[in-house]
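Peer 1:
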Amino acid sequence: MNIHFEHGKISPNIKVLDAVIRTVEEQDEFDEFPIERIKLQARLENSCGHCIDHVTCDVSYYDSNGGFLGLDMTDSLDLDGIDPGEVAPVDLDIEMPDDTARCILNIHSRRLFQESASPSSRAAADAERKK
14 MNIHFEHGKI SPNIKVLDAV IRTVEEQDEF DEFPIERIKL QARLENSCGH
64 CIDHVTCDVS YYDSNGGFLG LDMTDSLDLD GIDPGEVAPV DLDIEMPDDT
114 ARCILNIHSR RLFQESASPS SRAAADAERK K
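Taking the working numbering, the leading residue of the sequence shown gets 14, the next gets one more, and so forth.
1. What number of angstroms, rounded off, separates the C-alpha of His17 from the C-alpha of Ile27?
2. Out of Lys52, Glu38, Leu53, which has the shortest C-alpha to C-alpha gap to Phe46?
3. Compute the Euclidean distance between the alpha carbons of Arg115 and Thr87, then round it to the nearest angstrom.
4. Out of Val72, Asn59, Ile65, Ser122, state which residue places its alpha-carbon closest to the alpha-carbon of Gly98.
5. What distance in whole Å lies between the Cβ atoms of Gln54 and Asp104, which are believed to be in contact at a cut-off of 8 Å?
6. Can you tell me where the beta strand (DSSP E) holding Gly21 begins and where it ends?
7. Which term fits Leu118, buried or exposed, when burial requires 16 or more other beta carbons within 10 angstroms of its beta carbon?
8. Compute the Euclidean distance between the alpha carbons of Ile34 and Tyr74, then round it to the nearest angstrom.
9. Could you give the first and the last residue of the continuous beta strand (DSSP E) run that contains Gly83?
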């Protein structure tokens, strides 16, 4: 299987240090045999001078004719509150359709301003949003 993997729209706040799609065998105490999973694994660096949050990654799938087959996406809560210069890992289980010829990685984020970047300020902002 020859699949083309590329970066699509990447937030200007993020630098992709590494990104790969690979097959991983996993087994826990409940599995009789190892299970093969396809994963997007990446390391993302906050390249701006402010904390960023609501970071989401998605992988879009296309067939050989350019037809859209679907996408897999992270939950923004998985990658919230990345400080300046911090590197965050991404480990996303993906379900790639069988006829995938091309995968595109997109990463989105929202920058927090300095005065709201501290953990206590983020907690207060989250509490205010829940009201």
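The beta carbon of each residue, even a glycine, is placed where N, CA and C say it ideally should be. Predicted model, so just to flag it, every value in this text is computed and none were measured.
Peer 2: Working from what's here:
1. 22 Å
2. Comparing Cα positions, the closest option is Glu38.
3. 19 Å
4. Asn59
5. At roughly 5 Å, the Cβ-Cβ gap stays under 8 Å, so Asp104 and Gln54 are in contact.
6. 17-23
7. buried
8. 12 Å
9. 81-86
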